[in-house]
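In this note's numbering, the protein residues as written are 1203 to 1475.
Where a beta carbon is used, it is the ideal one built from N, C-alpha and C, also for glycine.
First comes the structure, then the notes that go with it.
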Amino acid sequence: MTATTIAFIGTGNMSYAIIGGMVKSGFDPKHIIATNRNAEKLAKVAADFGVNTTADNLAAIAAADVVVLSVKPQMMAQLCQSIQDSGIDYQHKLFISVAAGLTVARLREMLAHPVKLVRCMPNTPSLLGKGVSGLFATDINELERDYVSQVFAATGIVVWLEHEAQINDIIAVTGSSPAYFFLFMETIEAKAIELGFSAEQARQLVQQTALGAAMMACEQQQISLAQLRANVTSKGGTTHAAIESYKAQHLADLTSDAMDACIARAKELEQEL
Ligand SMILES: NC(=O)C1=CN([C@@H]2O[C@H](COP(=O)(O)OP(=O)(O)OC[C@H]3O[C@@H](n4cnc5c(N)ncnc54)[C@H](OP(=O)(O)O)[C@@H]3O)[C@@H](O)[C@H]2O)C=CC1
Ligand SMILES: O=C(O)[C@@H]1CCC=N1
């Protein structure tokens, strides 16, 4: 698709998903380098997607035009210090950080240079091309913006954000939220097992229902989510009883509080790191 070489530094859950999305959508694995300190994880990403792998971050960065910083936020200072100390001429490379809670200003401080930097908040469904990536950058040119858009469009929907603070909001809405859906699915699965379905049946029943509901929402966008819910809810029927139980237990408030907690933690990380 493009001859730009991109290196993913710290290829764990998130970068594995992005790389998977890229390769499945046609990016040439020869132009992708994945690093990790864990040999097993590297072997898996090489076997699954045919990308180049190395345990040597600095060699990968030296060989790349674009560097995706993908370690946990708490590991970032150490990684950036090693880049600073390396003697690599990295000042003109394009950096992309997927870390929560690290601002452009803080990352530039860590790298000790005003490097070109994009903040990205992806999510793990990127692996299937069903991801959402919130992107923010201040000073990249059109070609760089197009390249970054292409990379993340290969993994799903791309939303360029106007303000950096919106990165924290999109973490709550899309970055972390696959976990909310999984938690909800887990609770239905557990109850199904309690009701006597086998573990295998329970998993199948819940995943198929979640998939069906998500596909109905995607394919009938002219119908509001509230209407799709109403279509399941017969007057005086069983769903109504379930929904009223959720309402009585303030599901909307619980969700709003959880999302506020997510945003608050992102802001806290900005102060801590
Ligand atoms: N997971 C998600 O859904 C999302 C994550 N993010 C962001 O993505 C980043 C990564 O998260 P995630 O993928 O979940 O984390 P992981 O821990 O799965 O991935 C990071 C990987 O980097 C390795 N690593 C750590 N330090 C180094 C180093 N110096 N050199 C080479 N490899 C290193 C870790 O090794 P080891 O296994 O030994 O620890 C780990 O395998 C975070 O900053 C997070 O905020 C953003 C959006 C969504
Ligand atoms: O939990 C986290 O901090 C990261 C960011 C969004 C999803 N996972």
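Contact residues of ligand 2 (beta-carbon closer than 6 Å to any heavy atom; chain order) are Ala1302, Ile1373, Gly1377, Ser1378. Under the DSSP assignment, Ala1236 falls in the beta strand (DSSP E) whose first and last residues are 1234–1237. If only complete runs of 4 or more residues are kept, the region 1239–1312 shows the alpha helix (DSSP H) at 1241–1251, 1259–1265, 1278–1287, in order along the chain. The region 1207–1215 and the region 1264–1278 touch, with no fewer than 3 CB-CB distances between them shorter than 8 Å. A straight line joining the alpha-carbon of Ile1285 with that of Asp1267 spans about 15 Å. Across the set Arg1347, Lys1232, Asp1371, the C-alpha of Asp1371 shows the shortest separation from the C-alpha of Ala1466. Between the alpha carbons of Leu1397 and Glu1446 lies a gap of roughly 21 Å. In the structure shown, the three-state DSSP call for Phe1386 is helix.
Counting along the chain, Phe1354 sits inside no beta strand (DSSP E); it lies in the alpha helix (DSSP H) bounded by residues 1344–1355. In chain order, Val1270, Val1320, Cys1322 place their CB closer than 6 Å to the CB of Ile1298, counting only its own chain and leaving out the 5 sequence neighbours on each side. Counting every other CB atom within 10 Å of its CB across the protein chains shown gives His1294 a total below 16, marking it as exposed.
Residues of the same chain with a CB within less than 6 Å of the CB of Ala1219, apart from the 5 flanking positions on each side, are Thr1326, Ser1328, Leu1329 in chain order. A distance below 8 Å separates the beta carbons of Glu1346 and Leu1296.
Excluding sequence positions up to five before and after Lys1469, its CB lies within less than 7 Å of the CB of Asn1370, all in the same chain and listed in chain order.
With a cutoff of 7 Å, Gln1280 counts as near ligand 1, since its C-beta is closer than that to a heavy atom of the ligand.
Under the DSSP assignment, Gly1414 falls in the alpha helix (DSSP H) whose first and last residues are 1401–1421. If you draw a straight line from the Cα of Leu1337 to the Cα of Val1375, it is about 14 Å long.
Between ligand 1 and Gly1212, a heavy atom-to-CB distance of less than 7 Å is present. Under a 10 Å Cβ-count criterion, Pro1324 is classified as buried, with 16 or more other Cβ atoms of the shown protein chains found around its own Cβ. Thr1326 has its CB nearer than 7 Å to a heavy atom of ligand 1. Restricting attention to Gln1429, Gln1451, Gly1331, the CA atom closest to the CA of Phe1354 is found in Gly1331. If you ignore the 5 residues before and after His1233, its C-beta comes within less than 8 Å of the C-beta of Thr1204, Ala1205, Thr1206, Thr1207, Ile1208, all in its own chain and listed in chain order.
For Gly1333, the beta-bridge partners assigned by DSSP are Gly1358.
In this structure Met1417 is exposed. Its beta-carbon is surrounded by fewer than 16 other beta-carbon atoms within 10 angstroms.
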